[in-house]
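A quick write-up on the structure given underneath.
2 protein chains.
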Amino acid sequence: MPETTKKHATIKDIAKKLGVSTSTVSRALSDSWEIKKETRDLVLKAAAELNYHPNPMAIGLVTKKSHTIGLCVPELVHSFFPKIITGMQRALSEAGYTILITTSDESYETERKNLLLLKQNLVDGILISTTSESHRNAALYDEILGSGTPIVFFNRVCSKINAPKVIIDDTKMAHMAVEHLIRQGYGKIVHMAGPRDLDLTKLRMEGFLSAMKEFGRTVDESSVIDTGMFIDDGAREMEKLIRSGAKPDAIFAFNDPVAIGAMKTAKKFGLEIPRDIAFVGFSESKSALIVEPALTSVAQPLSQMGEVAAKCILDKINGRAETYPATVVLEAALNVRESSVRIR
Amino acid sequence: MPETTKKHATIKDIAKKLGVSTSTVSRALSDSWEIKKETRDLVLKAAAELNYHPNPMAIGLVTKKSHTIGLCVPELVHSFFPKIITGMQRALSEAGYTILITTSDESYETERKNLLLLKQNLVDGILISTTSESHRNAALYDEILGSGTPIVFFNRVCSKINAPKVIIDDTKMAHMAVEHLIRQGYGKIVHMAGPRDLDLTKLRMEGFLSAMKEFGRTVDESSVIDTGMFIDDGAREMEKLIRSGAKPDAIFAFNDPVAIGAMKTAKKFGLEIPRDIAFVGFSESKSALIVEPALTSVAQPLSQMGEVAAKCILDKINGRAETYPATVVLEAALNVRESSVRIR
DNA sequence: AACGTTCCCGGGAACGTTTCCGTTGATTTA
DNA sequence: TAAATCAACGGAAACGTTCCCGGGAACGTT
Chain A
1 MPETTKKHAT IKDIAKKLGV STSTVSRALS DSWEIKKETR DLVLKAAAEL
51 NYHPNPMAIG LVTKKSHTIG LCVPELVHSF FPKIITGMQR ALSEAGYTIL
101 ITTSDESYET ERKNLLLLKQ NLVDGILIST TSESHRNAAL YDEILGSGTP
151 IVFFNRVCSK INAPKVIIDD TKMAHMAVEH LIRQGYGKIV HMAGPRDLDL
201 TKLRMEGFLS AMKEFGRTVD ESSVIDTGMF IDDGAREMEK LIRSGAKPDA
251 IFAFNDPVAI GAMKTAKKFG LEIPRDIAFV GFSESKSALI VEPALTSVAQ
301 PLSQMGEVAA KCILDKINGR AETYPATVVL EAALNVRESS VRIR
Chain B
1001 MPETTKKHAT IKDIAKKLGV STSTVSRALS DSWEIKKETR DLVLKAAAEL
1051 NYHPNPMAIG LVTKKSHTIG LCVPELVHSF FPKIITGMQR ALSEAGYTIL
1101 ITTSDESYET ERKNLLLLKQ NLVDGILIST TSESHRNAAL YDEILGSGTP
1151 IVFFNRVCSK INAPKVIIDD TKMAHMAVEH LIRQGYGKIV HMAGPRDLDL
1201 TKLRMEGFLS AMKEFGRTVD ESSVIDTGMF IDDGAREMEK LIRSGAKPDA
1251 IFAFNDPVAI GAMKTAKKFG LEIPRDIAFV GFSESKSALI VEPALTSVAQ
1301 PLSQMGEVAA KCILDKINGR AETYPATVVL EAALNVRESS VRIR
C-alpha cells in the first residue's frame, strides 16, 4: 500500500521526520534568531518535501490574529467600489492578508449586521465606506474601535469618528467643476445634490456654493435640488425641471448616474448638449465615456484610494499608526469632455 | 476597579459562571439532544449576558471546516461578476458561510496563485469562473478536487473537468439573437467572436453558425472575425471592417463591450443605427441601456446564477450532491431594443 | 430484585501552532 | 579556574472548541 494521502502535513510531521521538537520546526519556519542555520535549512527542505502549509486557524487561535481584514461597502454593481477593492487586494495580499467583503446595500441595518459579522469573524481590521446614514451606526463604530479593532474609513466617511480617513477633496473638486462651467460661460447653473444625509452631499454642495459665490453668481432655493444617486433620480428631476419651464443652462450633478439620467431626459425633450444645456458629473465611471456626448466628470484615483486605505489599516494593525495623519486626501482630476464644452 | 474588559468571553467563562463543564456548554450551544432544556436555557442566558461569540478559528481547528468558501473571478470592474456575487452572498450568508473573493485579472497564473491561496486558507469549497485559458489550470482543478475540496464552475467553465457547472445555454441564446437579426431582414450578418480559447466563444459561435445554416445563409471566412472582449477591440475591428469596404448589415457581438465599441466606430463613420447597420450584444450590461440607440442584448440571470452556484457548492460540502445534476442551465432572455429593430 | 435503558453531565484528549521556561554544552569573562 | 554569558534546542502549556468515553441517577422490564 502506498503512503496514504494524509490530508495535510503538520509541523509535527516535520518534527518527527527530522527527529527534532515542534518548537524547533516552528522557530525555523518563522525564521527565529535562536535557530542554527543548518537546522533551519533542514526544516525548510523537509517542509517542502512534505508539501507543508501552515494551518491559519491554528496560528490564529494562538496569536489571536486572523490575517483577514473586513471590508464593508454599500454596493458592488457600479464598478466604483470594485476598482477600489482592486487596489486594496494588491496591497493586502502582498502583505499576506486576505479580504472579507460585505455589502450593506445602502442600508445601515445591513451595515450593522455586517460589521457585527466581521467582528465575530475576528478580522484584524475593518475598511469601510459607509451608507448614507452613517451617523446611525456611529456608536457601533466607536464600540468596535473601543474593542481594539482598528477601522479606516474611505470615500464615504463618518466625520464624527476619530479614525483614519482616505478621501479626495470633494469640496475643492466640486468647486473646480462648477468654476469650469462658469468659465465656459454657462448662465444658470443648477446643482443636483445627492442624498441629504451623506457627508459627500454636503461637501460637494459646499464646493458648488463657494464657486458660485466666488464668481458672484446668485444662489437661491432653485439652485440646488435634492436628488437620489441613481440614473432614474436624475431623469425624474430633469423632467420636473423642464416641465416647470425652468431649464437651466448647466447641471452639476452629484455623480455620473444622476448626470446621465438627466442627460437622457434632456435629449428626450429635444435639448442639444452642450449647446442648450451642459452637464458635469462626479466620480467618473465607464459610462461617462459611453454616453453621448461624453460626460465631463471628476475622476477619482480609485485603485490608489484602495491601496492607501489598505496600507493605512495595516499600519494601524501593526502599531505603526503614527506615520499616518488622521486623514489622507488624494488628488483627483476634472476630465473635461464634450458635455460641458461651449461650442464657439 | 471595575470588571476588566476581557477581550472575548469563552465557553469556559460560561462554564465557570454556571458551575458546569465546558462540554455541557458546548452541547447547549450546539443544541444537542443530550442536554436538559433548563440547563440549555441557563447556558443561553449566561452566554447572552457575557456577550459570548464563538471563536470561528477554534471551531475550525477541531471541525476542520472554515465555513468560508473561496471565489475566483476574472475581474470585478465590469459589474457582471459583482451582480453574480450579490446572489452568492445572499445564499451563503444565509447559511452562515462567508466568502473570500479573489480576482485572477484574466491571467491563468494569477488564477493559479489564487486557487493555491484559497486552498491554504482551507476554504470549504471553491466557486470559480475561469480565465480564458482555463485548460492551463485543468490539472490544478483536478488536484484540488482530488484533495477533497469541492469546486463549482459558473459562467465560464472548464468543460473537461467533472464538476458541477452553472451556466446559461449560450449556443441557444446566440442562435436566438442571430435568428432575430435574420427575421428583421438584415442581409450580411457578421459575428464578432470573443477570445479563441474561451469556451463561451465556441458556444456562441456555434449558435451563430446554426442559425445561419438554419435560414440558409452562406457563411464564409469573412462571417466570423476574431476580437477580444473589450470596447477597444470592438472599435478596432469595426474600423478595419469599414475601411475594407465590407460593411455588414448587422453585427452579432461576443458581448456588450465589443458591440458598444463597434457601434461607436460605426457612428463615427456616419452610419446610422439600426438603418445602416444593426447590433446585438451579449450578457446585458448597464451600458446597453445608456448607449444610443439602446443595445439589443442577451440578459443573463446573474444574481440567480450566483445563488444557484452557491447552493450547489453548499450541497456538495454537506454531502447532498445527488440532488443536483452535473450541469445547471439557467434561462436567459433576448432583450430586443432599438439597435436591431428594422425601421419600416 | 437484578438488569438493561435512557437521560444528563463531567473529564479529558485532540486539533496545529506559538511561546515561555528550562536545559545543555560551549564560550567568554573575571 | 570558577562564574557568567550565550547559542541552540526540547518540553509543555496555552489558545477555544468539539467530541469520545465513561459514569451516575432515574426509569422501566423481566
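In order, the protein sequence lines correspond to chains A and B. The first sequence runs contiguously to residue 344 in my numbering. The second sequence runs contiguously to residue 1344 in my numbering. Virtual Cβ for every residue (Gly too), placed ideally from N, Cα, C.
- Residue nearest to Leu1050/B within the set Ile1011/B, Ala1091/B, Ala1174/B is Ile1011/B (criterion: CA-CA distance).
- Proximity of the stretch 1222 to 1241 of chain B to the stretch 1250 to 1268 of chain B meets the contact definition, three or more beta-carbon pairs being nearer than 8 Å.
- Rounded to the nearest angstrom, the Cβ distance from Leu302/A to Lys83/A is 4 Å, consistent with a contact under 8 Å.
- Taking C-beta atoms under 8 Å as the contact rule, Ala1046/B and Phe1154/B fail to qualify, at a distance of about 44 Å.
- Note on geometry: alpha-carbon atoms of Ile1085/B and Ile1182/B lie some 35 Å from one another.
- Secondary structure of Ser283/A (DSSP, three-state): coil.
- When DSSP states are grouped into helix, strand and coil, Met1229/B belongs to the coil group.
- Chain A has no Cβ within less than 8 Å of the Cβ of Glu1307/B.
- Annotation note: the stretch 93 to 180 of chain A contains the following uninterrupted beta strand (DSSP E) runs of length 3 or greater, listed N- to C-terminal: 98 to 103, 125 to 128, 151 to 154, 165 to 168.
- At a cut-off of 8 Å between beta carbons, Met1057/B contacts chain A.
- Per DSSP, the continuous beta strand (DSSP E) segment holding Ser1297/B begins and ends at 1297 to 1299.
- For Leu330/A, DSSP records a beta bridge to Ile168/A.
- Against Lys268/A, chain B offers no close residue; the least beta-carbon distance is about 11 Å (beta-carbon pairs closer than 8 Å).
- Around the beta carbon of Ala278/A, 16 or more other beta carbons lie within 10 angstroms, which makes this residue buried.
- Distance from Val178/A to Ile189/A at the Cβ level is roughly 7 Å; contact confirmed, criterion being Cβ atoms closer than 8 Å.
- For Ser104/A, not one C-beta of chain B is nearer than 8 Å to its own C-beta.
- Cβ neighbours of Asp169/A within its own chain (closer than 6 Å, five residues either side excluded): Val329.
- Among the residues facing chain A, Thr1010/B is not included, as its CB has no counterpart in that chain under 8 Å away.
- By the rule that beta-carbons nearer than 8 Å mark a contact, Val1025/B does not touch chain A.
- Looking at Ser134/A, Tyr52/A, Ser30/A, the one whose alpha-carbon comes closest to that of Lys17/A is Tyr52/A.
- Of all residues in the stretch 1285 to 1310 of chain B, those with a C-beta nearer than 8 Å to a C-beta of chain A are Lys1286, Ser1287, Ile1290, Val1291, Glu1292, reading in chain order.
- Within its own chain, the residues whose Cβ lies closer than 7 Å to the Cβ of Leu140/A, once the five positions on either side in sequence are excluded, are Arg112, Leu115, listed in chain order.
- Burial is judged here by how many other beta carbons sit within 10 angstroms of a residue's own beta carbon; Asp1226/B has fewer than 16 and is exposed.
- Here Ala253/A is bridged, per DSSP, to Met192/A.
- Nearest CB-CB separation between Thr98/A and chain B: below the 8 Å threshold.
- Met57/A is the residue among Gly281/A, Met57/A, Phe80/A whose C-alpha sits nearest the C-alpha of Leu1122/B.
- Flagged as an interface residue toward chain B: His53/A, by a C-beta distance shorter than 8 Å.
- Within the stretch 113 to 142 of chain A, the residues whose Cβ lies closer than 7 Å to any Cβ of chain B are, in chain order, Gln120, Asn121, Leu122.
- Assigned with DSSP and collapsed to three states, Ile182/A falls in helix.
- Of the candidates Ala1009/B, Leu1127/B, Gly1281/B, Leu1127/B places its Cα closest to the Cα of Cys1312/B.
- The DSSP-derived three-state label of Ala1046/B is helix.
- The three-state reading of DSSP puts Gly1070/B in strand, counting E and B together.
- Contact of Gly234/A with chain B by beta-carbon distance below 7 Å is absent, the smallest such distance being about 12 Å.
- Shown here, Ala1246/B sits in coil according to DSSP, grouped into three states, outside any helix or strand.
- Ala278/A carries a strand assignment under DSSP once its states are collapsed to helix, strand and coil.
- Secondary structure at Val1258/B: helix, using DSSP grouped into helix, strand and coil.
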